[in-house]
Amino acid sequence: MSTNGSTEQNPIRPFPPGFHWGTATASYQIEGATTADGRGPSIWDTFCRVPGAVWNGDTGDVACDHYHRMEEDLDLLAELGVATYRFSVAWPRVQPTGSGPANQAGLDFYRRLVDGLRDRNIEPTLTLYHWDLPQPLEDQGGWCVRETAERFVDYVDIVARAIGENVERWITLNEPWCSSWAGYGAGRQAPGVTDIGKAAAANHHLLLAHGMALPILRAAVPDAKVGITLNLGDFQPGSQHELDVAAARRADGNLNRLFLEPIFHGRYPEDMLEHYEPYQPGFSVIREGDVELISQPLDFLGVNYYFPSTVVDASRAAEARVAGYFVPSGEQFPDLRVRSLETPGRDKTAMDWEIEASGLTSLLVRIRDEYTTLPIYITENGAAFDDYVDPNGHVLDHNRVAYLQEHISAVHDAIDAGVDVQGYFVWSLLDNFEWAYGYSRRFGIVWVDFPTGARLKKASFEWYRETIRSNSVEYATSVGSV
Ligand code: FCB
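Right, dumping it as structure tokens:
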């Protein structure tokens with residue numbers, strides 16, 4: 471089955487004029503220089519030192535050394551021809567202990583970055599929080615306590631006043647689901663806590679931090695376009711059995727509705743509040759007026775999408791196997807009794823993530839139908855593959871090209887369906903520190919030779935440059951189709 475199901479003659483699909491093409495990175499994944507110029511430790515510096523937490527004991531100490539190679543990376547962006555670049559500011563560079571006065575050297579780095587983008591005619595898209603919480607704040611309770619949201623507001627004020635006038639687009643948080651449920655629930659990510667009650671409290675305090683920061687940001691930068699980036703999924707039940715349908719609904723509740731509903735409907739989903747009721751402190755940390763803060767108007771929604779999800783009730787794994795699915799061990803949501811399935815025949819990336827671009831289209835249409843008609847930016851999409859430099863010195867990552875083509879085509883399908891998608895960011899500009907996977911997974915359209923820091927453009931870089939230049943994509947047949 472083709473992703474777009476199109477039989478049209480013209481294989482070229484033009485995007486609307488002014489569509490924002492970009493690439494994305496995050497501070498801890500690329501910067502390195504973790505002790506330079508007064509930067510304090512973050513929860514990721516700490517987590518990387520927990521034995522067994524990160525593949526191979528890798529750390530972000532050096533990463534892509536972007537801190538010292540910023541000019542070279544800016545030149546790559548200019549060569550690529552992007553309209554915008556999404557990066558994140560490291561809170562511990564700006565406030566080394568997470569509170570108190572600003573560290574001027576840290577701010578200067580981001581000022582140089584923003585100025586360097588402007589000089590090259592590239593709009594900055596700035597993420598304020600991409601997971602690197604200052605460790606001293608974690609020591610005081612991290613996202614499980616309300617004070618961290620208050621500290622976030624002070625930090626946002628400092629950044630907005632220092633470099634705000636040159637920043638086009640702001641993203642308060644990147645994937646608060648990962649910060650809360652992967653960080654405090656499953657413990658797969660920093661700070662590595664496994665406590666459902668804490669994860670739920672973190673979920674709320676992250677959204678609260680987002681809500682509390684909005685008026686501060688708007689006061690400091692009146693023209694700011696502000697949004698939040700969520701990692702959302704398109705959950706399909708493995709069968710029409712009522713237990714599997716209910717399982718898909720629970721997974722959807724945790725990943726999608728716990729974030730979309732408070733932000734766009736001003737309330738938390740009842741079924742989820744009920745489900746997490748036994749866990750403390752859980753959602754009992756919600757105070758009067760919080761949801762009003764969280765649901766203040768935004769200018770856009772950022773959506774990160776990587777893979778589709780087919781799930782069944784944990785009690786029905788055997789039936790799913792009989793139906794032909796592969797049922798990997800482990801549960802994405804530790805307390806939801808949901809098992810994820812793999813569909814035989816579907817291609818996968820090096821993350822073991824299934825490839826199915828039509829999930830992106832249906833997700834976007836659903837967001838428009840059920841939550842918001844605000845402009846949407848795909849703030850991350852991309853794939854890790856087992857790239858290598860061939861004997862001629864090239865990285866011919868045709869599988870990544872196919873993935874990107876298919877997903878950009880899926881974005882086009884959504885635009886055709888009337889969804890207001892205004893931009894698309896490839897994750898990622900550079901191979902980088904892929905969190906708990908360390909340097910074992912490469913997502914870049916630029917290869918990084920980690921021992922030396924040398925950059926090498928992959929075939930996907932050239933392909934994306936041409937896509938941007940032509941503002942169009944060819945129709946793609948799903949490489950993950952079955
Ligand atoms: C997302 C993260 C990003 C990157 C990609 C692969 O969840 O936001 O930093 O690691 O996954």
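Numbering (this note's numbering), first residue to last: 471 to 952. Here a beta-carbon is modelled for each residue, glycine too, at the ideal position from N, C-alpha and C.
Check                                                                                                                                                             : Outcome
Verify whether the separation of the beta carbon atoms of residue 556 and residue 494 is less than 7 Å.                                                           : yes
If we ignore side chains and look at the alpha-carbon of each, how far apart do residue 804 and residue 655 end up?                                               : 8 Å
Taking C-alpha atoms, which residue in 933, 884, 548, 859 lies nearest to residue 918?                                                                            : 859
Quick check on residue 482: buried or exposed, where buried means 16 or more other Cβ atoms within 10 Å of its Cβ?                                                : exposed
Determine the direct distance from the alpha carbon of residue 733 to that of residue 983, and round the result to whole angstroms.                               : Outside the displayed span of the chain (471 to 952) sits residue 983, for which this structure offers no information.
When burial is assigned at 16 or more other CB atoms within 10 Å of the CB, is residue 865 buried or exposed?                                                     : buried
Quick one, are the C-beta atoms of residue 504 and residue 531 less than 7 Å apart?                                                                               : yes
Taking the alpha-carbon of residue 921 as reference, which of 835, 528, 514 has the nearest alpha-carbon?                                                         : 528
According to DSSP, is residue 848 part of a helix, a strand, or is it coil?                                                                                       : strand
Is it the case that the CB of residue 496 approaches a heavy atom of the ligand FCB more closely than 6 Å?                                                        : yes
Decide yes or no for the touch test of the region 537-551 against the region 642-649: beta carbon pairs closer than 8 Å, at least 3 of them.                      : no
Indicate whether residue 697 and residue 763 have their beta-carbon atoms separated by less than 7 Å.                                                             : no
Would you mind stating whether residue 933 and residue 881 have Cβ atoms separated by less than 7 Å?                                                              : no
Give me whichever residues DSSP pairs with residue 774 in a beta bridge.                                                                                          : 701, 850
How would you write the range of the alpha helix (DSSP H) that residue 644 sits in, first residue to last?                                                        : Not the alpha helix (DSSP H): residue 644 falls in the beta strand (DSSP E), residues 639-644.
State the beta-bridge partners of residue 599 as determined by DSSP.                                                                                              : 643
Compute the Euclidean distance between the alpha carbons of residue 745 and residue 584, then round it to the nearest angstrom.                                   : 44 Å
Going by alpha carbons, who is nearest to residue 794 out of 852, 686, 810, 814?                                                                                  : 814
Report all residues from its chain with a CB closer than 7 Å to the CB of residue 690; omit the five preceding and five following residues, and keep chain order. : 627, 630, 631, 634
Taking the straight line between their C-alpha atoms, what separation do you get for residue 738 and residue 577?                                                 : 36 Å
Taking the CB atoms as reference points, tell me whether residue 820 and residue 876 lie closer together than 7 Å.                                                : no
Opposite residue 695 in the DSSP bridges: which residues?                                                                                                         : 639
Excluding sequence positions up to five away, which residues of its chain have a Cβ less than 6 Å from the Cβ of residue 834?                                     : 884, 889
Hey, quick one: how far does the alpha helix (DSSP H) through residue 504 stretch, first residue to last?                                                         : Per DSSP, residue 504 belongs to no alpha helix (DSSP H) and is neither H nor E.
With residue 772 and residue 700 assumed to form a contact (beta carbons below 8 Å), what rounded beta-carbon distance in angstroms separates them?               : 7 Å
Using the Cβ count rule (16 or more neighbours within 10 Å means buried), how would you classify residue 664?                                                     : exposed
Does the ligand FCB have even one heavy atom less than 6 Å from the beta-carbon of residue 740?                                                                   : no
Determine the DSSP secondary structure at residue 584, reduced to helix, strand or coil.                                                                          : helix
Check whether the Cβ of residue 644 sits closer than 6 Å to any heavy atom of the ligand FCB, and report yes or no.                                               : yes
What runs of the alpha helix (DSSP H), each 4 residues or longer, lie entirely inside the region 780-834?                                                         : 787-792
What first and last residue would you give for the alpha helix (DSSP H) that runs through residue 519?                                                            : Segment: none, residue 519 is in no alpha helix (DSSP H) and carries neither H nor E.
Sorted by chain position, which residues of the same chain lie with C-beta nearer than 6 Å to residue 790's C-beta, five sequence neighbours on each side aside?  : 708, 782, 797, 811
Measure the C-alpha to C-alpha separation of residue 484 and residue 886 and round it to an integer number of angstroms.                                          : 11 Å
Which of the three DSSP states is assigned to residue 928 in this structure?                                                                                      : coil
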